[in-house]
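Notes follow the structure.
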Amino acid sequence: IRDFEGAYEDINAAYQFKPDNINVIINMGTICDLTKRQDRALTLYKEAYTIDSTNFYVLNNLGFKYQKLGIDDSAIIFLDKAIELGANVALSYNNRSYSKKKLGDLEGALADVNKSIQLYPSNSYAYRNRALIYLKVGKTEEACQEMDIALERGFTEQYGDEVLFYSAFFRYPCT
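Numbering (the numbering used here), first residue to last: 218 to 392.
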């Protein structure tokens with residue numbers, strides 16, 4: 218229901234009860250990200266990393282956090298480690314794709330997002346990322362198709378209005 222402040226209150230209570238539980242720490246970090254407590258989120262993810270540096274969710278969340286901070290080279294390091302673990306890697310491929318795009322490795326970005334979609338075809342965020350790659354290389358029609366798929370797969374309900382904005386902005390050149 219996207220009640221992030223209510224979720225923060227709940228996870229904070231769990232954190233007070235179990236401050237060394239890695240799952241609680243990761244979830245607390247995620248909620249901190251969603252409630253604009255960015256510094257706290259990074260601190261929590263680093264704390265989880267000191268507890269278990271081989272936990273897929275820790276590595277993936279750290280990679281995603283560094284990506285959101287615009288530190289894409291660090292993001293790729295953690296996402297590479299998450300992918301090496303070999304479990305639940307579709308999200309890591311998708312996240313790494315976005316960082317590669319931002320660093321100008323469009324071929325690598327496209328390969329990663331395609332792999333992500335192959336592994337998890339219902340992930341609307343991956344179609345959003347592939348649309349952004351297509352926009353970067355001037356493939357507007359393909360980007361529009363990807364945005365449509367992202368919308369069909371529930372992007373707006375899960376992540377907000379970003380794809381609606383892109384879709385409306387680029388709709389005119391699309392057939």
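A virtual CB, placed ideally from N, CA and C, is assigned to each residue, including glycine.
Model, not experiment: these values are computed from the prediction.
CB contact flag (residue 243, residue 236, <9 Å):
no
How is the alpha helix (DSSP H) around residue 329 delimited, first residue to last?
323 to 336
Could you give the distance in angstroms between the alpha-carbon of residue 298 and the alpha-carbon of residue 385?
37 Å
Measuring only the C-alpha atoms, how far is residue 389 from residue 306?
With a pLDDT of 48 at residue 389, under the threshold of 50, the modelled position of that residue is not reliable, and no figure is offered here.
Grouping DSSP H, G and I as helix and E and B as strand, with all else coil, what is residue 312?
helix
Distance check for residue 330 and residue 383, CA to CA, integer angstroms please.
18 Å
Using three-state DSSP, classify residue 302 as helix, strand or coil.
helix
On the three-pair Cβ rule with 8 Å, is the region 354 to 364 touching the region 334 to 341?
no
Nearest to residue 326 (by Cα), restricted to the options 302, 265, 353:
353
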